[in-house]
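Taken in sequence, the protein lines are chains G and W. Just add 70 to the spot in the first sequence (first one is 1) and you have this note's numbering. Just add 414 to the spot in the second sequence (first one is 1) and you have this note's numbering.
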Amino acid sequence: MPIWIFREYDRCSGCRYCEIACSLKHEGIIWPEASRVRVFEYVPGITIPIICSQCTDYPCVQACPTKALYVDETTGAVRVDEGKCIKCGKCVEVCPGRIPRILPQKDSVIICDLCGGDPECVKVCRALGFNALVVVDKWPGTHYKLYARDAEKITRDYVKKLYKVDPEEVM
Amino acid sequence: MGYGFTGKFVEVDLSSSKAKVVDVRKDLYRKFLGGRGLGSWILWERLGERWEEVDPYSPDNLLVVLTGPLTGYIAGVRLAVTGKSPQSGGTVGSTIASEVGLELKCSGYDGLIISGKAKDPVYIFVHDDKVEVRDASKVWGKGIRETHKLLLRDVLPELRKTPRFGEPKEPAMIYIGPAGENLCKFAAVEGKYAHAAAYGSYGSVMGSKNLKAIVVKGTGPLPPVYDVVKLKELIYKAIELVPKKAPRLRIWGTGQGPWRYGRDLSSIPVRNWQEEYWVEKSYSQYDLEVYDWVKRYWADYGCPLCCMKVTVLHRNGETVITDAPDYELLAYEGSNLDVWDVRDIAYLIWCGEELGFDMINAGNVLGFVAELFEKGILTKDDLGFEVRWGDVKAFERLLKMIASKEGIGKVLAEGTYRAALKIAEMKGLKPEEVLKYAVQAKGIGIGAHGVRSGLDYPLISYVTSVQGGDHQSVAMLPLDAPPIVNEVWASLADSAVICQFNMLGGLDLVFEALRAVTGWNISKEEWVNEDAKRILTLQRVLLLLGGPDVYWDPRVHDDNPPRFYEPLPSGPKKGQAPTKQDIEKLKKEYYKALGWDELGIPTEETIKQLGLTGLEKALGRIRKRLGI
């Protein structure tokens, strides 16, 4: 069954070990900006992990002009055929949360591949005892897309929830 | 280039708004690591010839912002800030938990060397290979929260200028508040609302350069490491060990401290250190949990421990957003001022941090004022209002006066030591009549750990520390005594630039990580006998050179403040007080252990042994001034 990474913002401390673990696995070095999961902290104390939501209609895969993106049948992850990617940014454009990342230092777009079913970010978050990222079975449904929002939007909502102030006051 | 560092610094001359990238000699990294050690050496190389004459607030002084070899790789990101300190006249390796350290390395630099003085308020923006000095007139005069917001708004559009590349993460920032802009001698460099590099008052050094903030965003990887497989193993080991060794910090933060230090160990400041024990009035982690916290865990990058908690208070029509008070500030804005409600304490801390104060030294000054008022030395006429113990409103008002240097605020902004001298002059008293209420060492207010009970910090802690009253870098005997606050180990954390608390996972882990990252094989013994000694000796020489407004004489100033000779009036060690002889004996022992002479001046031989070539030139100047 495909899996999904549930993210609980309240539990995220902002330690960013998910970024460390992810970049060590995928890039062989610590590289937070190239991590597939990135924790945004626009407002101090409001830490929001952002990672691909594997929308069931996969707009990024649909939009890719070179067919560099495809869906992994086992995990449901979006995979990148690095040789085909031309870094055009179409996938970013159509993603509701603009989550894929293109870096000048890398030859292809960066999207979470769910580590083949056993994500490093989830493991390290568990080891730390925070459990802000948890693997769950991906039951049928379209609600996964709700999590594909951009970090700024989620931050604004969380400022209202946690700090009970107008987001304009802090960001 | 070596492993773990980039080998490059950015030099920014604010007078001309020019920036250039400079290479740093590789051997200096091995000798001083980075942060506190390397920063002090850079300062010595550039200002050593005329150290005594350099006014810390002149364009001549340098502000050095540094990472270290372990920054970003293991256990708790930090950033070190140093320069000639307006408090001590030496150098303080002041560190702040800030992702600026990480972002600098990801931009390809190990640090910044900032000189000169900008004509108008500016901030420095580093984005990978781009370094800019930008207009900060919009944020000048603003408090911390507003500054954070406006700077973010100023740089985000630029970071996002290629939307099809996706969303870049937020930049990291350090900044100052009005206290720093107005050159208060206990202004901190702040970040993320409640984080601060406080000791040393580099916030005011930034202010003297018209530098409001430093904003950094790097998109590259950290520099390559010597053994990435081993490093990964150690990262997971730290994750397992650190929270296990310090569970109380994960659960409550250091906010659980007052109970322990106030009741059990009798070492908390109460009413300007008149007592160090309390029993009837209480505040504890329980109060924090039920009144304050909205989020239990708030960590910075790479921190497996997570001692911070998010606090929100709605009060007087204002919303206080801050870190749950830590031990030091609970003590300094709490018991030290006779304030016992954690909400009052958190509010007062927030007021001060918004203004950009170092809240340890601010609490030290406020307690000093309240006692002078109690003793009738300062009156309502001097202050404009009464400053009684426990009066939160009066303390808040005083903080605002100090930040804007209004009325008596101008005198108090000098910090406890210098203010005591000025007040004595104002009142026609002998200096010692006012200095006896000043609880400081080498111009730096003493951290909230007393030495009299003997149950907490040792007697010599602040006497010979190269960073004065800094409670996170204190002198200890034997030299390799295990507490992480021992300056031998503190100099390791502050030079490798990692969080001291994360050394709780064990020193072996730190040395192993240093090996995995840099490839250097440094043993614990080598650190104690060579590397730590090298850094401490260098800092000691700069401290003794001092100037231009105050100089330290080891015969007089290598001492505890007078208050620490008064017998404890309460608690388990009631009546206990050290004698001058106790201190003299420990001093001599400490000097000897470090290879300094009987007056605490490093010897030529020690300097040669430690490879501090050139530093011997300073010794003659120190001896001449001391008349020996």
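Every residue, glycine too, gets a C-beta built ideally from N, C-alpha and C.
Give a yes or no on whether the minimum CB-CB distance between G:F76 and chain W is below 8 Å.
no
Give the straight-line distance between the Cα atoms of W:I665 and W:A776, rounded to the nearest whole angstrom.
-> 27 Å
* Asked: Who pairs with W:A610 in a beta bridge, going by DSSP?
  -> W:E604
Do W:M639 and W:Y417 have their CB atoms nearer than 8 Å? One point to set straight first is that residue 639 of chain W is Val, not Met, in the sequence displayed. Yes, Cβ-Cβ distance for W:V639 and W:Y417 is below 8 Å.
Measure from the C-beta of G:Y233 to each C-beta in chain W and report whether the shortest distance is under 8 Å.
-> yes
Which listed residue (G:S93, G:P237 and G:D220) has its alpha carbon closest to that of G:S123: G:D220
Note to self: Going by C-alpha to C-alpha distance, which of G:I172, G:C85 and G:L216 sits closest to G:R106?
What the structure shows: G:I172
Do W:V955 and W:L1029 have their C-beta atoms closer together than 8 Å? yes
- Task: For W:D996, verify whether its CB is less than 7 Å away from any heavy atom of the ligand COA.
- Result: Annotation note on the ligand COA: not contained in the displayed structure, which lists no ligands.
- Message: Using 8 Å as the cut-off, can you tell me whether the region 187 to 202 of chain G makes contact with the region 76 to 83 of chain G, which would need three or more C-beta pairs spanning the two stretches below that distance?
- Response: yes
Looking at W:A511: is its Cβ nearer than 8 Å to the Cβ of W:G490? yes
Residues in the same chain with beta-carbon distance under 7 Å from G:G84, minus the five sequence neighbours each way, listed in chain order, please.
V109, E111 and T117
Work out the CA separation of W:K519 and W:V848 for me, nearest whole Å. 47 Å
_Under 8 Å, CB to CB, which of the residues in the region 688 to 722 of chain W have a partner in chain G?_
V708, K709, Y711, W712, A713, D714, Y715, G716, C717, P718 and C720
Taking 8 Å as the threshold (beta carbon to beta carbon), is W:G960 in contact with chain G? no
Original post:
Taking the alpha-carbon positions, what's the W:D972 to W:R450 distance?
Top reply: 22 Å
Where W:D474 falls: helix, strand or coil (DSSP)
coil
Is W:K836 helix, strand or coil when you go by DSSP?
-> helix
>> Does G:V148 pass the burial test, meaning 16 or more other C-beta atoms within 10 Å, or should it be called exposed?
In response: buried
Contact criterion: CB-CB distance below 8 Å. Does G:E143 meet it with respect to chain W?
no
Cβ atoms of W:V424 and W:L526: under 8 Å apart, would you say? yes
- Query: Along the chain, which unbroken stretches of the alpha helix (DSSP H) at least 4 residues long are found entirely within the region 517 to 598 of chain W?
  - Reply: 558 to 573 and 592 to 595
query = Alpha carbon to alpha carbon, how far is W:G882 from W:Y715?
reply = 29 Å
Give every residue of the same chain whose Cβ lies closer than 7 Å to the Cβ of W:V763, excluding the five residues on either side of it in the sequence, and list them in chain order. In the sequence under discussion, the amino acid at residue 763 of chain W is Ile, which differs from the Val named in the question. Result list for W:I763: T736, P739, L743, E747 and M773, in chain order.
Legend entry - Closer than 8 Å to chain W by CB, G:H156: At residue 156 of chain G the sequence reads Ile, which differs from the His that was named. With 8 Å as the cut-off, G:I156 does not count as an interface residue toward chain W.
Could you tell me the alpha carbon to alpha carbon distance between W:K599 and G:D177, rounded to whole angstroms?
50 Å
Item to check | Cutoff 8 Å: G:A197 Cβ touching any chain W Cβ | outcome: yes
Judging by CA-CA distance, which residue of G:V113, G:C92 and G:W74 is the nearest neighbour of G:K230? G:V113
For W:R685 versus W:Y607, is the C-beta distance shorter than 8 Å?
no
* Could you tell me which residues DSSP puts in a beta bridge with W:L958? => DSSP, once it has assigned bridges, lists no residue as partnering W:L958.
Worksheet entry | Sequence-distant residues of the same chain with beta carbon closer than 8 Å to W:W712, five excluded per side | C720, M722, K723, V724 and D737
_Based on DSSP bridge pairs, tell me the residues matched to W:L743._
Bridge partners of W:L743: none, in fact.
- Item | Cα-Cα separation between W:D441 and W:I949, rounded to whole angstroms | 15 Å
Answer yes if the region 927 to 937 of chain W comes into contact with the region 977 to 985 of chain W, meaning at least three C-beta pairs across the two stretches below 8 Å, and no otherwise.
no
Return helix, strand or coil for G:S178, following the three-state DSSP convention. coil
- Item | Through-space distance from W:S867 to W:K987, alpha-carbon basis | 6 Å
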